[in-house]
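Heads up: the sequence shown runs through residues 300 to 607, numbered per our numbering.
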Amino acid sequence: MKISVIGSGNVGATTALFLAEKEIAKEIAVVDIVEGMPQGKMLDLLQAGPVEHFSTFTRGSNNYSDIRGSDIVIMTAGLPRKPGMDRMDLLMKNREIIEAAAENIIKYAASSIVIVVTNPLDVMAYAMFKATGFPPNRVMGMAGVLDSTRFRAFIAAELGVSMKDVSALVLGGHGDDMVPVKRFASVSGIPLTELLPDEKINALIDRTRKGGGEIVALLKTGSAFYAPAASAVQMAEAVAKDEKRLMTAAVYLDGEYGAKDVYCGVPVILGKNGVEKIIQVELSADEKAALAKSVESVKSGIKSIYGS
Ligand code: TXD
């Protein structure tokens with residue numbers, strides 16, 4: 300198993316760290332355009348191996364040919380959000396970066412499974428899908444796992460229970476109109492609605508929606524990276540180990556959930572073939588409306604770069 304990470308910034312380097320710690324791949328290649336940075340970070344990480352007891356070989360490079368033969372490519376290259384900057388502002392610049400990466404993925408890792416992390420997430424996953432021409436099961440975006448883990452962390456803190464026991468699923472695009480579904484949140488099988496009053500749950504949902512922005516405002520430069528990297532790694536692990544895990548991923552919708560020709564976060568099964576199944580669950584009228592609104596905002600992003 301070889302995994303490549305494109306971009307050796309905060310998310311990319313932390314992704315390599317979690318991948319190595321979990322020994323998900325024998326070999327990790329990290330590529331960036333900044334000279335020396337991927338090499339330096341990956342040499343440093345390699346030297347943690349004997350102490351941390353992992354036998355993954357990590358290598359940084361400025362040359363895309365080093366992704367050759369990758370089974371999985373995690374795309375983190377792009378510009379991060381700055382305070383006050385909207386995800387959509389990043390659209391045009393990051394599209395160019397996605398297309399440059401896609402060209403090289405086709406060239407060097409034509410049968411890989413691609414996990415996109417670059418923002419604005421759903422639009423960039425769509426751009427990667429278009430630019431690679433890969434089948435939809437091999438191109439997915441990471442956002443739902445992150446939005447869900449944020450919701451889970453807030454629930455655990457509010458209830459004073461272990462994070463391990465909290466389960467939740469956030470659907471929709473990775474934006475302020477993401478759709479945390481109350482009914483799908485539980486603590487060791489007990490519905491969250493039995494454990495917290497509605498207004499408390501709504502406050503946690505609101506914080507989840509603004510979860511990325513809260514961190515951007517605190518950091519002042521850059522955006523979140525520990526939880527985003529951990530989330531991308533959970534997806535890569537599900538693929539690498541053929542785990543058939545159910546989680547939210549941004550995937551190509553072709554009529555599912557009433558949406559067509561768009562990427563959006565829905566529950567899927569991830570295994571060795573990438574997105575092996577889209578799980579369709581009946582949503583309430585409110586949930587459907589919220590998801591439709593989220594799909595529309597992704598569509599307007601897609602439209603702004605591809606036309607109608
Ligand atoms: O939920 C999610 N999907 C996200 C998305 C959560 C957190 C961060 N999210 C987005 O990931 C963020 O908005 C950015 O679009 C990416 C990467 O975030 P990161 O925090 O890692 O940004 P950095 O630290 O600025 O790193 C980006 C790196 C940087 O080192 C650049 O030199 C590199 O990308 N870069 C490139 N590498 C290779 N090839 C090209 N063309 C290139 N352009 C820039």
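Yeah, the Cβ is synthetic: ideal placement off N, Cα and C, and Gly gets one too.
Item                                                                                                                                                       : Value
If we count Cβ pairs, one from each stretch, closer than 8 Å, do we get three or more for the region 359-378 versus the region 412-431?                    : yes
Counting along the chain, where does the beta strand (DSSP E) carrying F453 start and finish?                                                              : Element bounds for F453: not the beta strand (DSSP E) but the alpha helix (DSSP H), G443 to L458.
On the DSSP bridge list, what partners appear for F317?                                                                                                    : Paired residues: none, contrary to the question.
Classify Y605: buried if its beta carbon has 16 or more other beta carbons within 10 angstroms, exposed otherwise.                                         : exposed
Three-state secondary structure (DSSP) at E566?                                                                                                            : The residue asked about is misnamed: residue 566 is Pro in this sequence, not Glu. In the structure shown, P566 sits in a strand (DSSP, three-state: E or B).
Compute the distance between the beta-carbons of R367 and N572, then report whether it is under 9 Å.                                                       : no
I'd like to check one pair, A558 with V478: are the Cβ atoms closer than 9 Å?                                                                              : no
Would P435 count as contacting chain C if we go by Cβ distances under 9 Å?                                                                                 : Going by chain labels, chain C is absent from the structure shown, which holds only one protein chain.
Quick check: what's the CA-CA separation for L503 versus L445?                                                                                             : 15 Å
Would DSSP call S608 helix, strand or coil?                                                                                                                : One cannot answer for residue 608 here, as it falls past the ends of the chain, which runs 300 to 607.
Closer than 8 Å to a non-hydrogen atom of the ligand TXD - does that hold for the CB of D331?                                                              : yes
Note down the Cα distance separating K499 from K463, rounded to an integer number of angstroms.                                                            : 20 Å
The alpha helix (DSSP H) with Y407 in it runs from where to where?                                                                                         : L390 to Y407
Taking P349 as the reference, give the member of A324, A319 and G335 with the closest Cα.                                                                  : A319
If we count the other Cβ atoms within 10 Å of its Cβ and call it buried at 16 or more, is R394 buried or exposed?                                          : buried
With G440 as the anchor, note down where its alpha helix (DSSP H) starts and where it stops.                                                               : Careful: G440 lies outside any alpha helix (DSSP H), inside the beta strand (DSSP E) at V438 to G440.
Specify the secondary structure class of M336 as computed by DSSP and reduced to three states.                                                             : helix
Could you give the DSSP three-state label for A589: helix, strand or coil?                                                                                 : helix
Note down, in chain order, each residue of its chain lying with its Cβ closer than 6 Å to the Cβ of M441, except the 5 sequence neighbours on either side. : I414, V416, S530, A531 and M534
What is the residue span of the beta strand (DSSP E) that R358 lies within?                                                                                : F356 to S360
In angstroms, rounded to a whole number, what distance separates the CA positions of K587 and S466?                                                        : 21 Å
I'd like the list of long-range same chain contacts for A424, defined as Cβ closer than 6 Å, with 5 residues on each side in sequence excluded.            : V415, G440, A549 and Y562
Which two residues bound the contiguous alpha helix (DSSP H) that contains E536?                                                                           : Y525 to A539
Do K543 and I578 have their CB atoms nearer than 9 Å?                                                                                                      : no
Is it right to say T434 is buried, meaning 16 or more other beta carbons lie within 10 angstroms of its own, or is it exposed?                             : Rather than Thr, the amino acid found at residue 434 in this sequence is Pro. With fewer than 16 other Cβ atoms within 10 Å, it is exposed.
In terms of DSSP beta bridges, what is M462 paired with?                                                                                                   : Per DSSP, none; premise fails for M462.
Between V469, G459 and T431, which has its C-alpha nearest R449's C-alpha?                                                                                 : V469
Using the three-state DSSP reduction, which class does S583 fall into: helix, strand or coil?                                                              : coil
With T547 as the anchor, note down where its beta strand (DSSP E) starts and where it stops.                                                               : R544 to D553
What residue range does the alpha helix (DSSP H) around A426 cover?                                                                                        : L420 to T431
Which class does G573 belong to by DSSP, given the choice of helix, strand or coil?                                                                        : strand
Counting along the chain, where does the alpha helix (DSSP H) carrying A516 start and finish?                                                              : G510 to L518
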